[in-house]
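Read the structure below first, then the notes.
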Amino acid sequence: MGSSVNLSDIGTRLQNPDLKWQQEQVADLLHRQSLAFPGAQPVSFSRHHIHELQQRDYFMCEKTDGIRCLLYLTQFVNEDGQRVEVQFLIDRKNDYYYIPRDALHIPTPPPEGVKEDFDVANFHLGTLLDGELVLQRLKEGGQRLAYLMFDILALDGESVMNKPFDRRLARLQQQVARPYRKFTDRYPEDAKTFPFQPELKAMELPYGTEMMFKDRIPNLPHGNDGLIFTCVGTEYVSGTDQHILKWKPPHENTIDFRLVLGDFPMLEDEDGTYPDWDACPDLELHVNHGDSRSAGSGTAGGYHRFANLTLTPPEWTAFKSLQQPLDGRIIECYRDPATGHWRPKIEDRDGTPRFRDDKTDANHISTVNSVLQSIEDAVGEGDLIEAAGRIKKGYKRRQAEKVEGDRRAAEEERKRRREGQMGQGQGQGQGLQGRGQGGGVQQQQGNGQVRREESLQAKVVVGQEEEDDDGPRYDDE
Numbered sequence: 001m002g003s004s005v006n007l008s009d010i011g012t013r014l015q016n017p018d019l020k021w022q023q024e025q026v027a028d029l030l031h032r033q034s035l036a037f038p039g040a041q042p043v044s045f046s047r048h049h050i051h052e053l054q055q056r057d058y059f060m061c062e063k064t065d066g067i068r069c070l071l072y073l074t075q076f077v078n079e080d081g082q083r084v085e086v087q088f089l090i091d092r093k094n095d096y097y098y099i100p101r102d103a104l105h106i107p108t109p110p111p112e113g114v115k116e117d118f119d120v121a122n123f124h125l126g127t128l129l130d131g132e133l134v135l136q137r138l139k140e141g142g143q144r145l146a147y148l149m150f151d152i153l154a155l156d157g158e159s160v161m162n163k164p165f166d167r168r169l170a171r172l173q174q175q176v177a178r179p180y181r182k183f184t185d186r187y188p189e190d191a192k193t194f195p196f197q198p199e200l201k202a203m204e205l206p207y208g209t210e211m212m213f214k215d216r217i218p219n220l221p222h223g224n225d226g227l228i229f230t231c232v233g234t235e236y237v238s239g240t241d242q243h244i245l246k247w248k249p250p251h252e253n254t255i256d257f258r259l260v261l262g263d264f265p266m267l268e269d270e271d272g273t274y275p276d277w278d279a280c281p282d283l284e285l286h287v288n289h290g291d292s293r294s295a296g297s298g299t300a301g302g303y304h305r306f307a308n309l310t311l312t313p314p315e316w317t318a319f320k321s322l323q324q325p326l327d328g329r330i331i332e333c334y335r336d337p338a339t340g341h342w343r344p345k346i347e348d349r350d351g352t353p354r355f356r357d358d359k360t361d362a363n364h365i366s367t368v369n370s371v372l373q374s375i376e377d378a379v380g381e382g383d384l385i386e387a388a389g390r391i392k393k394g395y396k397r398r399q400a401e402k403v404e405g406d407r408r409a410a411e412e413e414r415k416r417r418r419e420g421q422m423g424q425g426q427g428q429g430q431g432l433q434g435r436g437q438g439g440g441v442q443q444q445q446g447n448g449q450v451r452r453e454e455s456l457q458a459k460v461v462v463g464q465e466e467e468d469d470d471g472p473r474y475d476d477e
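Here it is in structure tokens:
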């Protein structure tokens with residue numbers, strides 16, 4: 001389903017020098033030297049990751065079968081010096097697609113003290129979101145295009161990549177998703193004209209796998225091909241992130257290869273020997289052995305044959321019916337568990353192969369090995385459900401330890417303040433000795449001032465803690 005989304009239908013692909021200029025703007029925003037695609041990439045789920053889920057806090061969400069892209073919110077300044085809201089979609093090829101002016105509006109929260117849900121006249125500047133475009137089925141019939149947001153790299157000119165995932169999620173929810181939802185609630189007719197609907201992707205605790213498999217996933221309005229587990233406490237990492245785990249059912253564990261057409265079968269008749277251009281040629285699957293850090297930049301090299309692609313006659317007919325170039329394209333394949341042969345992933349809607357034209361490079365050999373390990377480990381739905389109790393036990397233990405740690409820290413802070421207050425009181429008392437009852441009144445007034453200052457200081461500290469403690473609040477009310 002995801003591959004049926006074409007970014008060219010939404011926006012205009014930038015060409016150089018405009019493309020490079022926008023890439024440089026994003027690199028500066030994120031404090032990166034590289035102009036390559038800055039998005040994070042997961043690793044395939046293996047059996048040892050079950051233990052990882054027991055030892056560290058993770059959030060879980062369904063893996064949408066869509067097109068992965070970043071959404072860049074910025075501005076232009078027109079000839080009259082006015083700020084104009086602008087958005088770009090960025091695919092994994094690092095191509096930028098300009099969304100037509102006034103086609104989409106994502107408002108900011110209101111200014112402090114203003115009792116509104118959003119600031120309709122203002123928009124985000126220097127904001128980079130991570131998500132997935134997907135076609136969704138509507139209950140009343142028809143389809144709509146949604147952008148499911150699951151992370152944020154920068155917010156209003158500030159990179160948040162160094163913040164832990166839960167705090168990034170909270171900022172995404174409070175500063176972007178909630179104001180947008182309130183805006184569309186008030187102006188639903190305007191929202192219907194937008195090219196897609198941004199939504200915050202629902203996150204769950206990692207032990208809710210049975211609920212996901214039996215309730216959530218069967219009722220999704222879009223395609224799904226697994227689960228994603230993201231570590232709560234880690235920073236955002238461009239490129240491969242060992243703390244983002246991609247679980248797929250065995251039949252969905254796929255590899256993206258580069259397809260290379262080999263020799264065609266030969267025909268022989270009285271006129272001689274010649275290739276049979278209608279027959280299926282040797283179809284080789286190649287993987288990238290180049291520098292994995294440059295994958296996606298168009299510079300990765302060192303492709304080597306990995307295996308051959310096995311097709312049935314009807315599948316080869318479907319390949320030919322596309323009337324498109326085949327050699328050199330990226331194709332998504334799975335390993336047939338019965339034969340061990342590599343087979344093409346087929347689109348449900350029309351029976352054609354799934355070409356990954358959103359990608360410049362095939363999977364790197366390190367990714368291939370990771371997927372093969374997942375295939376060999378064969379962690380199924382039952383394994384995740386069976387492990388849920390142990391995962392929950394570990395999660396609850398860590399939460400209890402955190403509560404106890406916070407309690408002890410608060411008690412230590414109260415003790416420190418009491419000792420400081422007593423020390424100040426003793427010093428003032430010694431200075432007032434021999435001055436009679438009036439001195440006692442002054443001492444009481446002095447202690448009262450200390451208490452007022454302490455109270456004020458406590459409010460400031462609490463205010464700072466409240467400002468910094470922007471962990472996820474999923475009620476979003």
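In terms of full-length UniProt numbering, the sequence shown has 228 at position 228, counting the first letter as 1, and numbering is strictly consecutive. Quick reminder that beta carbons are idealized off the backbone N, C-alpha and C, glycines included. Being a predicted model, the structure only gives us computed values, none of them experimental.
- Query: Can ILE255 and VAL368 be called in contact, C-beta distance under 8 Å?
  - Reply: Here residue 255 is taken as the residue at index 255 of the sequence shown, counted from 1. Here residue 368 is taken as the residue at index 368 of the sequence shown, counted from 1. Cβ distance < 8 Å, so ILE255 and VAL368 count as in contact.
- Item | Endpoints, alpha helix (DSSP H) assigned at PRO353 | Locating residue 353 in the sequence shown gives position 353, where the first residue counts as 1. Neither: PRO353 is in no alpha helix (DSSP H) and is coded neither H nor E.
- Work out the CA separation of GLY39 and SER238 for me, nearest whole Å. The residue labelled residue 238 in the question sits at position 238 within the sequence shown. The residue labelled residue 39 in the question sits at position 39 within the sequence shown. Distance between the alpha carbons of SER238 and GLY39: 5 Å.
- Task: Identify, in the order they occur along the chain, each residue of the same chain with its Cβ nearer than 6 Å to the Cβ of PHE213, setting aside the five sequence neighbours on each side.
- Result: Here residue 213 is taken as the residue at index 213 of the sequence shown, counted from 1. So the qualifying residues of the chain are GLU381.
- Query: Pairing CB atoms from the stretch 304-313 with CB atoms from the stretch 331-343, are three or more of them under 8 Å?
  - Reply: yes
- Message: Can you give me the C-alpha to C-alpha distance between GLN242 and TYR180, rounded to a whole angstrom?
- Response: Position 242 of the sequence shown holds residue 242. Position 180 of the sequence shown holds residue 180. Distance between the alpha carbons of GLN242 and TYR180: 32 Å.
- Task: Could you tell me which residues DSSP puts in a beta bridge with THR240?
- Result: Here residue 240 refers to the residue found at position 240 of the sequence shown. Paired residue(s): GLN41.
- C-alpha distance - PRO265 paired with THR317, whole-angstrom precision: Here residue 265 refers to the residue found at position 265 of the sequence shown. Here residue 317 refers to the residue found at position 317 of the sequence shown. The straight-line gap from Cα to Cα measures roughly 16 Å.
- Query: From GLY11, VAL26, ASN16, ASP57, pick the residue whose C-alpha is nearest to that of TYR395; which is it?
  - Reply: Here residue 395 corresponds to residue number 395 of the sequence shown, with the count starting at 1. Ranking the options by Cα distance to TYR395, first place goes to ASP57.
- Complete runs of the alpha helix (DSSP H) confined to the UniProt domain "mRNA capping enzyme C-terminal" (252-385) [at least 4 residues]: 313-321, 365-377
- Query: Just the Cα atoms here: how many angstroms apart are PRO107 and ASP190?
  - Reply: Numbered from 1 along the sequence shown, position 107 holds the residue referred to as residue 107. Numbered from 1 along the sequence shown, position 190 holds the residue referred to as residue 190. Taking the straight line from one Cα to the other gives about 13 Å.
- Message: Measuring straight from C-alpha to C-alpha, what distance separates LEU261 and HIS286?
- Response: Here residue 261 is taken as the residue at index 261 of the sequence shown, counted from 1. Here residue 286 is taken as the residue at index 286 of the sequence shown, counted from 1. Taking the straight line joining both Cα atoms gives about 11 Å.
- Message: Under DSSP, the alpha helix (DSSP H) around LEU169 begins and ends at which residues?
- Response: Residue numbering aside, residue 169 sits at position 169 when the sequence shown is read from its first letter. First-last of the alpha helix (DSSP H) with LEU169: 165-171.
- Task: Taking the CB atoms as reference points, tell me whether GLY11 and TYR147 lie closer together than 8 Å.
- Result: Along the sequence shown, read from residue 1 onward, the residue named residue 11 stands at position 11. Along the sequence shown, read from residue 1 onward, the residue named residue 147 stands at position 147. Not closer than 8 Å, so no.
- Alpha carbon of GLN15 to alpha carbon of GLN23, nearest angstrom: Stepping through the sequence shown from its first residue, residue 15 is reached at position 15. Stepping through the sequence shown from its first residue, residue 23 is reached at position 23. Each residue's Cα considered, the two are about 11 Å apart.
- Mind pulling the beta strand (DSSP E) runs of 3 or more residues that sit fully within the stretch 13-79? 40-44, 58-64, 67-77
- Kindly list the residues whose CB is nearer than 6 Å to the CB of THR240, restricted to its own chain and excluding five residues on each side of it in sequence; keep chain order. Within the sequence shown, residue 240 is the residue found at index 240, counting from 1. So the qualifying residues of the chain are GLN41.
- Task: Thinking ALA362 and ILE330 are a contact (beta carbons under 8 Å), I'd like their distance in whole angstroms, please.
- Result: Residue 362 sits at position 362 when you count from the first residue of the sequence shown. Residue 330 sits at position 330 when you count from the first residue of the sequence shown. Confirmed, Cβ separation roughly 6 Å.
- Counting pairs of Cβ atoms below 8 Å between the stretch 350-358 and the stretch 26-40, do you hit three or more? no
- Can you tell me whether GLU79 is buried or exposed, with buried defined as 16 or more other CB within 10 angstroms of its CB? Along the sequence shown, read from residue 1 onward, the residue named residue 79 stands at position 79. When all chains shown are included, GLU79 counts as exposed.
- Query: What residue from ASP215, ALA202, GLY405 has the CA that sits closest to THR230's CA?
  - Reply: Taking the first residue of the sequence shown as position 1, residue 230 is located at position 230. Per the Cα distances, ALA202.
- Task: Pick out whichever of GLY157, LEU7, ASP282 has its Cα sitting closest to the Cα of ASP91.
- Result: By one-based count along the sequence shown, residue 91 stands at place 91. Of GLY157, LEU7, ASP282, the residue nearest in Cα terms is LEU7.
- With respect to the alpha helix (DSSP H) encompassing PRO179, which residues constitute its N-terminal and C-terminal limits? Stepping through the sequence shown from its first residue, residue 179 is reached at position 179. Element bounds for PRO179: 178-186.
- Query: Since ASN224 is in the beta strand (DSSP E), which residue starts that stretch and which ends it?
  - Reply: Position 224 of the sequence shown holds residue 224. Element bounds for ASN224: 224-231.
- Message: Tell me the rounded alpha-carbon separation between GLN54 and LYS393.
- Response: The residue you call residue 54 lines up with position 54 of the sequence shown. The residue you call residue 393 lines up with position 393 of the sequence shown. About 8 Å.
- Task: May I have the straight-line CA-CA distance separating GLU85 from HIS105, to the nearest angstrom?
- Result: Counted from its first residue, the sequence shown places residue 85 at position 85. Counted from its first residue, the sequence shown places residue 105 at position 105. Rounded to whole angstroms, GLU85 to HIS105 spans 8 Å at the Cα level.
- Which residue from ASP269, PRO221, LYS248 puts its Cα closest to that of GLU140? What you label residue 140 is simply residue 140 of the sequence shown in a count that begins at 1. Of ASP269, PRO221, LYS248, the residue nearest in Cα terms is PRO221.
- Query: At which residues does the beta strand (DSSP E) containing ASP130 begin and terminate?
  - Reply: As a working mapping, residue 130 is identified with position 130 in the sequence shown. Its beta strand (DSSP E) spans residues 127-137.
- Query: Whose C-beta lies closer than 7 Å to the C-beta of TYR72 among residues of the same chain, with five residues either side of it excluded?
  - Reply: Walking along the sequence shown from the start, residue 72 turns up at place 72. Excluding sequence neighbours, TYR72 sits near VAL26, GLN87, PHE88, ILE90, LEU128.
- Whose C-beta lies closer than 7 Å to the C-beta of ILE391 among residues of the same chain, with five residues either side of it excluded? Stepping through the sequence shown from its first residue, residue 391 is reached at position 391. Answer for ILE391: LEU53, GLN54, PRO206, TYR207, listed in chain order.
- Query: So, are the CB atoms of LEU283 and LEU267 less than 8 Å apart?
  - Reply: Within the sequence shown, the letter at position 283 stands for residue 283. Within the sequence shown, the letter at position 267 stands for residue 267. Not closer than 8 Å, so no.
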